[in-house]
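Numbering (my numbering), first residue to last: 38 to 295.
We put the beta carbon where it would ideally sit given N, CA and C, even for glycine.
Keep in mind the model is a prediction, meaning the values are calculated, not measured.
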Ligand SMILES: [Zn+2]
């Protein structure tokens, strides 16, 4: 799946699971986490960026190009160690990314910001990075500096509106990363065997597109990455993500207060 498509599917999956706003009497999400509208929006930003994280193992992926020299060097390093669609495309990686988010959301390190007061550093940085990656992938902002400026603005806004990040932030990272894995699972290349690093390979005569000789699995309903079916699905997801974001924004109290 392409970078922008991973990003928007992360947004849509988050809104479907955590969204609670309704339009014309119909609830647009499952409201599984019982979050405030501002927390839903903050989580949407995080899930969008987190849905790019597994491709940190691919030097030419969107995430590699998004952060300039830093992400290029990082993706090259991860790629040389893990290979593409290897370790970072596993359930174990989803657990590791989520554990890092749990850690970030609970680190007690704070900094004094004018107008905002004491702000937790780690969640702001995480939102900044993931927002910069997500908005770049969705082509909402271009350039080397602007995505980071927008990201930092989002990070500070989140610190103001949704400072209790311990619940929604790790959940948004988990949903974003898992959505990426599902997106790649739906293409012909597939993802590593679910119990990776314990890989069960099929006997040669049983190997096929669903359970490949390498042990990778796929449910290639979308065909090859970037197919017309993938575009169609992601066009629908973009409409859903846009609509749910607008109704959630409308449900967010204004003027906004901490
Ligand atoms: Zn991928």
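Terminal residues of the alpha helix (DSSP H) in which residue i lies
i, result
"residue 154", "No alpha helix (DSSP H) holds residue 154; the beta strand (DSSP E) holding it covers 154-157."
"residue 138", "128-143"
Simplified DSSP state of residue i, which is helix, strand or coil
i, result
"residue 106", "helix"
"residue 59", "strand"
"residue 64", "strand"
"residue 288", "helix"
"residue 84", "helix"
"residue 295", "Residue placement at residue 295 cannot be trusted, given a pLDDT of 48 that sits under 50; what the coordinates show is reported in the next sentence. Reduced to three states, the DSSP call for residue 295 is coil."
"residue 147", "strand"
"residue 268", "helix"
"residue 246", "coil"
"residue 281", "helix"
"residue 125", "helix"
"residue 48", "helix"
"residue 41", "helix"
"residue 276", "helix"
"residue 112", "helix"
"residue 241", "helix"
Exposure of residue i, with buried meaning 16 or more beta-carbon neighbours within 10 Å
i, result
"residue 52", "buried"
"residue 71", "exposed"
"residue 122", "buried"
"residue 201", "exposed"
"residue 229", "buried"
"residue 295", "Any reading at residue 295 must be qualified, since the residue scores a pLDDT of 48, below 50, and its modelled position is unreliable; no value is offered."
"residue 42", "buried"
"residue 243", "exposed"
"residue 18", "There is no way to answer for residue 18, as the model of the chain reaches only from 38 to 295."
Margin query: Threshold first: 4 residues or longer. Then list the alpha helix (DSSP H) segments lying entirely within the stretch 152-221, N to C.
Written below: At a cut-off of 4 residues, the continuous stretches assigned as alpha helix (DSSP H) that sit fully inside the stretch 152-221 are 158-174, 183-198.
Notebook entry, point to check: Does the stretch 92-109 come close enough to the stretch 120-135 that 3 or more CB-CB pairs lie under 8 Å?
Noted result: The answer is yes - the stretch 92-109 touches the stretch 120-135, with three or more Cβ pairs under 8 Å.
Check: On the three-pair Cβ rule with 8 Å, is the stretch 102-119 touching the stretch 132-149?
Finding: Using a Cβ-Cβ distance cut-off of 8 Å, the stretch 102-119 and the stretch 132-149 are not in contact, since fewer than three pairs of beta carbons, one from each stretch, lie closer than that value.
Notebook entry, point to check: Three or more C-beta pairs closer than 8 Å, one from the stretch 170-189 and one from the stretch 53-61: is that the case here?
Noted result: Counting Cβ pairs under 8 Å, fewer than three are found: no touch.
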